[in-house]
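Chain order of the listed sequences is A and B. What the first sequence shows, in my numbering, is residues 171 to 284, in sequence order. What the second sequence shows, in my numbering, is residues 217 to 327, in sequence order. Quick reminder that beta carbons are idealized off the backbone N, C-alpha and C, glycines included. As the structure is a prediction and not an experimental result, all values here were calculated from the model. Just below is one structure, and these are the notes that go with it.
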Amino acid sequence: DTGVSQNPRHKITKRGQNVTFRCDPISEHNRLYWYRQTLGQGPEFLTYFQNEAQLEKSRLLSDRFSAERPKGSFSTLEIQRTEQGDSAMYLCASSSGGGRYEQYFGPGTRLTVT
Amino acid sequence: AQSVTQLGSHVSVSEGALVLLRCNYSSSVPPYLFWYVQYPNQGLQLLLKYTTGATLVKGINGFEAEFKKSETSFHLTKPSAHMSDAAEYFCAVSDRGKLIFGQGTELSVKP
């Protein structure tokens, strides 16, 4: 069990550029979640997958955001035309089920939009 | 809709003193509740969880929490604080799988 990994750990980009983050979950976990955390706040849910199916998206996830999990393994989160308000920590988590099952978090990707 | 309120954004205790971090939840169904800890520039680590059964839940690093349905609370305690406990603590409730987090409580431990 190598845990959840995320790449890159840090990303600095200029406003208007596109960025993509990758999350590799714990291998046997079928659920994968994305959260966003701003300074001094708790994480906020963005979207989640069960295997390759994206089952729920938050209203926080504007049209500029897209997430995929093409083979039910790793996932990518892309932000197009970044804005300064997108600056945050993006956290990925995985679990072996919903509800009562605990989620295991990766170290996060810190995005800074200048 | 489920929600979580953490009372006190900052708590400061002396080393060896009792730690009490407060969490109240709102849920229309029997809740699944979690406490996570976050160290600077790191992801979240699970401390403990309540799903069903015993209302007093023991977790890692000497932490425990008690589920009180009548008070809609799930407060986190530790009998004796250690310097290494200084971190941000988040209470969360599961909403059909996704977690709804409180705003967090920063715990400081004074020597």
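{"Check": "Identify the contact partners of residue 219 of chain B in chain A, using a Cβ-Cβ distance below 8 Å as the criterion.", "Outcome": "Simply none; closest approach about 11 Å."}
{"Check": "What did DSSP end up calling residue 256 of chain A once you bin it into helix, strand or coil?", "Outcome": "helix"}
{"Check": "Taking the C-alpha atoms as reference points, what is the distance between residue 237 of chain B and residue 244 of chain A?", "Outcome": "35 Å"}
{"Check": "If you follow the beta strand (DSSP E) that residue 194 of chain A is in, where does it begin and where does it stop?", "Outcome": "189 to 194"}
{"Check": "Going by CA-CA distance only, name the one from B/319, B/267, B/230 that's closest to residue 272 of chain A.", "Outcome": "B/267"}
{"Check": "Which residue marks the beginning of the beta strand (DSSP E) containing residue 240 of chain B, and which one marks its end?", "Outcome": "235 to 242"}
{"Check": "Tell me, please, which residues DSSP counts as bridged to residue 326 of chain B.", "Outcome": "B/230"}
{"Check": "Residue range of the beta strand (DSSP E) that residue 182 of chain A falls in?", "Outcome": "180 to 183"}
{"Check": "Does the beta-carbon of residue 294 of chain B have 16 or more other beta-carbons within 10 angstroms, so that it is buried, or is it exposed?", "Outcome": "buried"}
{"Check": "Taking Cβ positions only, does residue 238 of chain B come closer than 8 Å to chain A?", "Outcome": "no"}
{"Check": "Pull up the DSSP beta-bridge partners for residue 218 of chain A, would you.", "Outcome": "A/203, A/226"}
{"Check": "When the cut-off is 8 Å and only beta carbons count, does residue 248 of chain B lie next to chain A?", "Outcome": "yes"}
{"Check": "Cβ of residue 222 of chain B versus every heavy atom of the ligand ADP: is any distance shorter than 7 Å?", "Outcome": "The ligand ADP is absent from the structure shown, which contains no ligand whatsoever."}
{"Check": "Return no unless some Cβ of chain B is closer than 8 Å to the Cβ of residue 198 of chain A.", "Outcome": "no"}
{"Check": "Measuring only between beta-carbons, confirm whether residue 242 of chain A sits less than 8 Å from chain B.", "Outcome": "no"}
{"Check": "Please state the DSSP three-state secondary structure of residue 233 of chain A.", "Outcome": "coil"}
{"Check": "Leaving aside the five residues before and after residue 268 of chain A along the sequence, list all residues of the same chain whose C-beta is less than 7 Å from its C-beta, in chain order.", "Outcome": "201"}
{"Check": "Suppose the cutoff is 6 Å on Cβ atoms and the five residues either side in sequence are ignored; what does the same chain contact list for residue 289 of chain B look like?", "Outcome": "240"}
{"Check": "Mind checking whether residue 263 of chain A and residue 208 of chain A have CB atoms under 8 Å apart?", "Outcome": "no"}
{"Check": "Looking at the strands, I want to know which residues DSSP matches up with residue 265 of chain B.", "Outcome": "B/250"}
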